[in-house]
Amino acid sequence: MSRLLVVNADDFGLTPGVCRAILRAHRDGIVSSTTALAVGPAFAAHAGALTDSGLPTGAHLAAVGEDPPVLSAAEVPTLVDDRGRFPLTWKQFVARAVRGRVDPDDLRREFTAQFDVLESAGVQVTHVDAHQNLHLWPSVAGVVLELATARGVRAMRLTRTSSWNATSGGVRALSARLARRARAAGVAVPAASTGLDEAGHLTEARLVDAVAWLGRTGAATAELACHPGEFHDPDRVRYEWGYWWPDELEALCSPAARDAVARAGFTLTSFRGIGVLGNLSDTPTAENSGSSGGASDGTD
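The numbering used here applies: residue 8 is where the sequence shown begins, and numbers increase by one.
#1: For THR42, which of helix, strand or coil comes out of DSSP?
#2: Nearest to PHE19 by CA position, among GLY91, LEU185, HIS234 and LEU275, is which residue?
#3: In the DSSP assignment, the beta strand (DSSP E) including ASP18 goes from what residue to what residue?
#4: Do three or more CB pairs link the segment 95-103 to the segment 131-150 at distances below 8 Å?
#5: Classify PHE238 as buried or exposed, calling it buried when 16 or more other Cβ atoms lie within 10 Å of its own Cβ.
#6: Tell me which residue opens and which closes the beta strand (DSSP E) that GLY65 is part of.
#7: Determine whether the beta carbon atoms of SER39 and SER277 lie at a separation below 8 Å.
#8: Output yes or no for whether 8 Å exceeds the beta carbon distance between ALA70 and PHE93.
#9: What are the boundary residues of the beta strand (DSSP E) that ASP136 is part of?
#10: If you check the beta carbons only, do GLY72 and ASP240 fall under 8 Å apart?
#11: Looking only at its chain, what residues have a beta carbon closer than 6 Å to the beta carbon of ARG10, apart from the 5 residues adjacent to it on each side?
#12: Should the segment 197-216 be regarded as contacting the segment 243-250, the criterion being three or more beta carbon pairs within less than 8 Å?
#13: In the DSSP output, which residue or residues are listed as bridge partners for SER169?
#14: Rounded to the nearest angstrom, how far is the Cβ of PHE122 from that of LEU154, given a contact under 8 Å?
#15: Give me the Cα-Cα distance between ARG279 and THR133, rounded to the nearest whole angstrom.
#16: Let's see if you can read the secondary structure: which residues bound the beta strand (DSSP E) around LEU390?
#17: Would you call SER127 buried or exposed, if buried means 16 or more other Cβ atoms sit within 10 Å of its Cβ?
#18: Of all the alpha helix (DSSP H) runs that stay within the bounds of the segment 89-127, which reach a length of 4 or more residues?
#19: Using the Cβ count rule (16 or more neighbours within 10 Å means buried), how would you classify GLY55?
#20: By the DSSP assignment, the beta strand (DSSP E) with SER146 in it spans what residues?
#21: When DSSP labels each residue in this structure, what does ALA195 get in the three-state scheme?
#22: Give me whichever residues DSSP pairs with THR201 in a beta bridge.
#23: Distance check for GLN131 and ALA45, CA to CA, integer angstroms please.
#24: Would you kindly work out how many angstroms separate the C-alpha atoms of THR41 and LEU152, rounded to a whole number?
#25: In terms of alpha-carbon separation, which member of ALA267, VAL160, ALA191 and VAL105 lies closest to VAL147?
#26: Of all the CB atoms in chain C, is at least one closer than 8 Å to the CB of SER182?
If you want it as structure tokens, here you go:
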């Protein structure tokens, strides 16, 4: 059986520069998948280029971040503040959720609307995840898995970490729980993954190390998450994440990146390939359930 690697570029639709960079990283580099942000200000203008490119695309569902929801504040009151804005970060969302201030029905309505935006633009959704990895949170995970199965989406991201910081223990526990829930729902997840710890700082050297690490896990299916962007992108100023988008773009398009994939014994695929293998793929273990190292709290 071929060993499969998804190199997924997050945040298509965030800015024009991010959209163009993702398409370039697919055309000239190793990006084999993307996730589209329906609430992204640039999505509508660049959706045609995305579908024309043939790049397999998942749903990057948002209930946090700088951009407003698809639905009005009146339709999803527990997801927004008095200005109709999402919480800026996952930490703010979780603080509300643990106090019972997030209605799952509001999440269901908003995520359904985001799915509708993508599908109306011609996107055939290959997988699901959430902005700032919010799909790890159990109440969000339940809604995401429900919508995925209803829409016939058979794969999702499983975010993992090997860092040791204030949030890493929670990520490990939530990731393990989500893996069990996804498989019970018939939704496939990669057996190994990385990208959270390197988020926004995936230089060429770190990319090569990350792919090599995924290869050493022995996993039949794996994901590397990334965030390419253009150097000159004035719209990016509104996203103060400290990401090195242009460095990631150059790394993904470098000969070293493709060489690393070949040396690790992977064939590039999309999440559609992960979904086809489904539960026949190997199960995550303690060895392959983290990442290659680094430290980040993973804005995406």
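The beta carbon of each residue, even a glycine, is placed where N, CA and C say it ideally should be.
Put simply:
#1: strand
#2: HIS234
#3: 10-19
#4: yes
#5: exposed
#6: 64-68
#7: yes
#8: yes
#9: Here the beta strand (DSSP E) through ASP136 covers 132-137.
#10: no
#11: ALA227, GLY272 and PHE273
#12: Pairwise C-beta distances place the segment 197-216 in contact with the segment 243-250, as three or more of them are shorter than 8 Å.
#13: Paired residues: none, contrary to the question.
#14: 6 Å
#15: 6 Å
#16: What is shown of the chain runs 8 to 307, which leaves residue 390 out entirely.
#17: exposed
#18: 97-105 and 111-127
#19: exposed
#20: Not the beta strand (DSSP E): SER146 falls in the alpha helix (DSSP H), residues 145-157.
#21: In the three-state reduction of the DSSP assignment, ALA195 falls in the strand class, which pools E and B.
#22: LEU231
#23: The straight-line gap from Cα to Cα measures roughly 13 Å.
#24: Computed Cα separation, rounded: 19 Å.
#25: VAL105
#26: The structure shown contains no chain C; it is built from a single protein chain.
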